[in-house]
Amino acid sequence: MTREVLAIINPFRADAATTAELVKKGLAEYGITLTEDLTATEVELVLVFGGDGTLLKAAETARKIDVPLLGVNIGHMGFLAEAELDSLEQLIACVAAQQYQVEERMTLQIEVSAPNQPSISDWALNEVSIMHTDLAHPAHFGVGVDGHGVSTYGADGILVATPTGSTAYSFSAGGPVIWPDAEAFLMVPLAAHGLFTRPLVLGPSAKLEISVLEEQRADLEIWCDGIRSYTVPAGTEVVCTKSETPVKLARLNDTPFSARLVAKFNLPVDGWRNR
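119 is the number that full-length UniProt numbering gives to position 119 of the sequence shown; each next residue is one higher, with no gaps.
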């Protein structure tokens, strides 16, 4: 039986296509086909050639067909990527021998109920963002957890992030970094005005409810991973919970998350243990 690996390539970067072609030739020597056919259902792995944005888009496909996702970093940060351009030979050999570890990354489930609109059901690997569209005025939110109100305030928006997304937009907005294997998710208000506007870390069974209050002057936008968006009015209710369907990421080595964090963010560690 022919082995197949699916390639998802950033269409706006010529170097991504060039790199994919090199990997395609290398895998062919092992009798493995690298295909770009998104309708293929018998693939064993999804290889992503691009940055984190490309990987987030590819996660839709990988999650749907329930196969691991492995990123080849062609972008700048490439926090979610596992392979770099200088390690293609290792990548090819590991894929051919199926020598990679698979870890499951938690995803978010959102249910949106908006007045006079069909209900919306979606998910996110990194984060769900609920953003104002009127730059001159804040949006107005009510926040509750497990059926109990927690706070109301005006803000530019609210982020709800997974541990995977805690190093992305949420981190830039002042949220904490959460280790990927933690069973938790974050709520981070953006430029909020109120007495209780700090980020919240919620447990895996928590039900986070966000209401767009009636005093809201303009529609809001809901974004899932910065890919899929919905425009909603005042009176909208957004419920966020842990999804039962994770995304699987393939890892070529067992480098701890702390080392990845230091390397990707170039963190200063001089003096650690006096070394």
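Just so you know, even glycine gets a beta-carbon here, dropped at the ideal spot from N, CA and C. Owing to the predicted nature of the structure, the values given are computational and were not obtained by experimental measurement.
VAL239 to PRO11 span [Cα, whole Å]
34 Å
On a CA-only basis, which of GLU103, GLU29, PHE49 and PHE171 is nearest PHE265? Give me that one, please.
PHE171
Range covered by the beta strand (DSSP E) that runs through THR245:
Careful: THR245 lies outside any beta strand (DSSP E) and carries neither H nor E.
Assuming LYS207 and ASP146 form a contact by the criterion Cβ under 8 Å, report the distance between their Cβ atoms to the nearest whole angstrom.
5 Å
Proximity of GLY50 and ILE92 at Cβ, strictly below 8 Å:
no
Between the Cα of LEU219 and the Cα atoms of LEU85, ALA14, HIS137 and PRO118, which residue gives the shortest distance?
A small fix is needed here, since residue 219 is Asp in this sequence, not Leu. ASP219 has its Cα closest to that of HIS137, out of LEU85, ALA14, HIS137 and PRO118.
Taking 7 Å as the limit between beta carbons, can you name the residues of its chain near THR41, skipping five residues before and five after?
ILE65
Residue span of the beta strand (DSSP E) that contains LEU220, given as start and end:
220-224
Under DSSP, the alpha helix (DSSP H) around PRO63 begins and ends at which residues?
Contrary to the premise, residue 63 reads as Arg rather than Pro in this sequence. 52-65 is the span of the alpha helix (DSSP H), which, as asked, contains ARG63.
Let me confirm a value: GLY75 is counted as buried when at least 16 other C-beta atoms fall within 10 Å, else exposed. Which label applies?
buried
Check whether residue 276 and PRO204 have beta carbons under 8 Å apart:
For residue 276 there is no data in the structure shown, the boundaries of the chain being 1 and 275.
Closest to LYS248 by C-alpha separation, out of VAL5, VAL160 and ALA59, would be which residue?
ALA59
One question on the structure: do GLY235 and PRO115 come within less than 8 Å of each other, judged by their Cβ atoms?
yes
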